[in-house]
Amino acid sequence: ARETGEDAQAIPFLKRFTVFNIEQCEGLPDEVAVSAPLPVASLIEPRVEALIKATGIDFRIGGDRAFYMPARDYIQVPPPQAYFEPINWHRTALHELGHATGHSSRLARDCSGPSGSRKYAFEELVAEINAAFCCAALGIVPTV
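So that you can map any letter, position 64 of the sequence shown is 668 in my numbering, and since no number is skipped, the others follow by simple counting.
If you want it as structure tokens, here you go:
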């Protein structure tokens with residue numbers, strides 16, 4: 605810009621950082637080495653937790669997205685803290701439980717449709733209706 609007399613322009617660029625798990629570090633000051641607090645158990649409605657356990661379905665809390673894995677027959681949902689409102693965690697968990705009811709060892713629904721197909725849309729509708737009915741039956745309502 606100096607040579608041509610033009611105005612200087614900002615050029616964005618990616619920055620790279622090396623990050624370590626705190627468990628891999630030694631000799632850190634106490635204020636840095638403090639572990640994150642454990643999740644608050646009360647964020648999960650006890651009736652929903654009881655329902656999840658009663659199904660006997662392998663239900664895992666973790667990761668950054670919610671899904672049901674039919675091939676391995678398990679559900680994974682991010683922790684409740686990942687959601688803005690507790691009801692959204694409950695809706696999501698119950699939605700994924702709805703998908704799990706279609707497993708061949710349960711109701712044996714045909715869930716083979718690719719995304720965008722009628723079978724896929726039907727399965728999503730089943731899961732959403734399951735979540736809505738379960739929320740209503742358990743008294744899970746929006747707080748706002």
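Each residue gets a CB set at the ideal place from its N, CA and C atoms; glycine is no exception.
On a predicted model such as this, the values are computed, not experimentally measured, just so you know.
**Residues near THR705 in its chain [Cβ-Cβ closer than 6 Å; skip 5 each side]** = The count along the sequence shown starts at 1 and reaches residue 705 at position 101. The answer, listed in chain order, is LEU711.
**Request:** Give the straight-line distance between the Cα atoms of LEU618 and ARG669, rounded to the nearest whole angstrom.
**Result:** Sequence index remark: in the sequence shown, residue 618 carries index 14 (1-based). Sequence index remark: in the sequence shown, residue 669 carries index 65 (1-based). Whole-angstrom Cα-Cα distance: 25 Å.
**Prompt:** According to DSSP, is ILE665 helix, strand or coil?
**Reply:** Walking along the sequence shown from the start, residue 665 turns up at place 61. Correct three-state label for ILE665: strand.
**Message:** As a quick exercise: from ILE648, LEU647, ARG676, GLY667, pick the residue whose alpha carbon is nearest that of ILE661.
**Reply:** Here the question's residue 661 lines up with position 57 in the sequence shown. Residue ARG676 is the option with its Cα nearest to ILE661.
**Request:** Assuming THR659 contacts LEU698 (C-beta within less than 8 Å), just tell me the rounded distance between them.
**Result:** For the purposes of this step, residue 659 is identified with residue 55 of the sequence shown, where counting begins at 1. For the purposes of this step, residue 698 is identified with residue 94 of the sequence shown, where counting begins at 1. Beta-carbon to beta-carbon, THR659 and LEU698 are separated by about 11 Å, too far to satisfy the 8 Å threshold.
**Prompt:** Which residues in the same chain as PRO718 place their Cβ atom closer than 7 Å to its Cβ, once the five residues preceding and following it in sequence are excluded?
**Reply:** Sequence index remark: in the sequence shown, residue 718 carries index 114 (1-based). Leaving aside the five residues that flank PRO718 on each side, the residues in its chain whose CB is nearer than 7 Å to its CB run, in chain order, TYR724.
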